[in-house]
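Take a look at the structure set out below.
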Amino acid sequence: MSTPAPAAGAGGSWHLVFSDDFGGGSLDNASWATCYDWNVSGCTNAGNHELEWYLPGQVSVSGGTLHLDATRTPTKGSDGKTYPWASGMVTTGRDNWDGQPRQTFLHGYFAAAIRIPSQKGMFPAFWLLPAQHDVPQEIDIAEFSGTTQLVQNTLHWQLPDGTPKQRQSWFGPVNFPAGFHVFAVDWEPNSVTWYVDGIARWKISNPAEIPSLPMEMILNLAVGYPYAPPSGVNQAQMQVQWVRVWQH
18 MSTPAPAAGA GGSWHLVFSD DFGGGSLDNA SWATCYDWNV SGCTNAGNHE LEWYLPGQVS
78 VSGGTLHLDA TRTPTKGSDG KTYPWASGMV TTGRDNWDGQ PRQTFLHGYF AAAIRIPSQK
138 GMFPAFWLLP AQHDVPQEID IAEFSGTTQL VQNTLHWQLP DGTPKQRQSW FGPVNFPAGF
198 HVFAVDWEPN SVTWYVDGIA RWKISNPAEI PSLPMEMILN LAVGYPYAPP SGVNQAQMQV
258 QWVRVWQH
């Protein structure tokens, strides 16, 4: 698959500020961490009550592709709980809560060529999270929550009093697991536009709703949200051919 410039509808001049084609035999640890900022020998997203514990061994690179593998195997987390699944994620964030993020981004065009798994009970996602902790701003470029046929786009922001708010849109149906698709977002100071395969699908242009903090970029394969995988599902894989970020 080609690695295009920003979609034709994303106006203005651009320059590339981040790129990974996953051409080597291992993950570029200078570009990617394998857990959230709250990494202590692995991590999970407790807020969603997910079933996976993320481990670096569930992340691999081969054949020009990043592989995030979810495996049904009891895994003891550093939080003292045992999780029924182990899975993989990558982020441009920190190795630990107090560390320095590898790279953050304030505005830009973010794109990745992704093939999601077909198995039920998986929650693959490509998204942006503030480097500043505990702030309810977030841009979900592509999420698949409870379906493989509809891609979900979500914007999280907060009111002046700190109250968290969100807006969502869905695009589909498309048989997304059948192949790679390019999911992208153009995050400008006064708008956010979501793209699927180079075509704009949704736009928010209320400046009061637009996130304004530097963000870390995340690709992850969560398990068990909003429901657990069927008993016959024991593994799944999310694949990524390339990731790009451009800025004006």
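Remember, our numbering sits 17 above the position in the sequence shown when you count from 1. Beta carbons are placed, not taken as given, at the ideal position from N, Cα and C, and that holds for glycine. From a predicted model like this one, the values you see are computed outputs, not experimental measurements.
In terms of residues, what are the limits of the beta strand (DSSP E) holding residue i?
{"i": "residue 203", "result": "198 to 205"}
{"i": "residue 144", "result": "139 to 147"}
{"i": "residue 261", "result": "252 to 264"}
{"i": "residue 98", "result": "It is not in any beta strand (DSSP E) - residue 98 carries neither H nor E in the DSSP assignment."}
{"i": "residue 212", "result": "208 to 213"}
{"i": "residue 108", "result": "106 to 108"}
{"i": "residue 158", "result": "155 to 160"}
Check the C-beta distance from residue i over to residue j and give it rounded, since I have them as a contact under 8 Å.
{"i": "residue 134", "j": "residue 255", "result": "6 Å"}
{"i": "residue 188", "j": "residue 213", "result": "6 Å"}
{"i": "residue 263", "j": "residue 70", "result": "Actually they do not touch by this definition, with Cβ atoms about 34 Å apart."}
{"i": "residue 236", "j": "residue 129", "result": "7 Å"}
Is the beta carbon of residue i less than 8 Å from the beta carbon of residue j?
{"i": "residue 82", "j": "residue 257", "result": "yes"}
{"i": "residue 145", "j": "residue 156", "result": "yes"}
{"i": "residue 200", "j": "residue 165", "result": "no"}
{"i": "residue 154", "j": "residue 230", "result": "yes"}
{"i": "residue 160", "j": "residue 148", "result": "no"}
{"i": "residue 114", "j": "residue 54", "result": "yes"}
{"i": "residue 215", "j": "residue 87", "result": "no"}
{"i": "residue 95", "j": "residue 59", "result": "yes"}
{"i": "residue 84", "j": "residue 77", "result": "yes"}
Tell me, which residues are paired with residue i by DSSP?
{"i": "residue 52", "result": "Residue 52 pairs with nothing; no bridge assigned."}
{"i": "residue 181", "result": "175"}
| request: Kindly confirm or deny that the region 29 to 36 and the region 209 to 226 touch, where touching means at least three C-beta pairs closer than 8 Å. | output: Judged by Cβ distances under 8 Å, the region 29 to 36 makes no contact with the region 209 to 226, as fewer than three pairs qualify.
| said: Across the region 49 to 56 and the region 101 to 109, are there enough close Cβ pairs to call them in contact, namely three or more that are closer than 8 Å? | reply: Yes, they touch.
| request: May I ask you to verify whether the region 134 to 151 touches the region 224 to 242, counting CB pairs closer than 8 Å and requiring at least 3? | output: Contact between the region 134 to 151 and the region 224 to 242 is present, because at least three Cβ pairs lie under 8 Å.
| Pairing CB atoms from the region 203 to 211 with CB atoms from the region 177 to 184, are three or more of them under 8 Å? | When Cβ pairs closer than 8 Å are counted between the two stretches, the region 203 to 211 is seen not to touch the region 177 to 184, the count staying below three.
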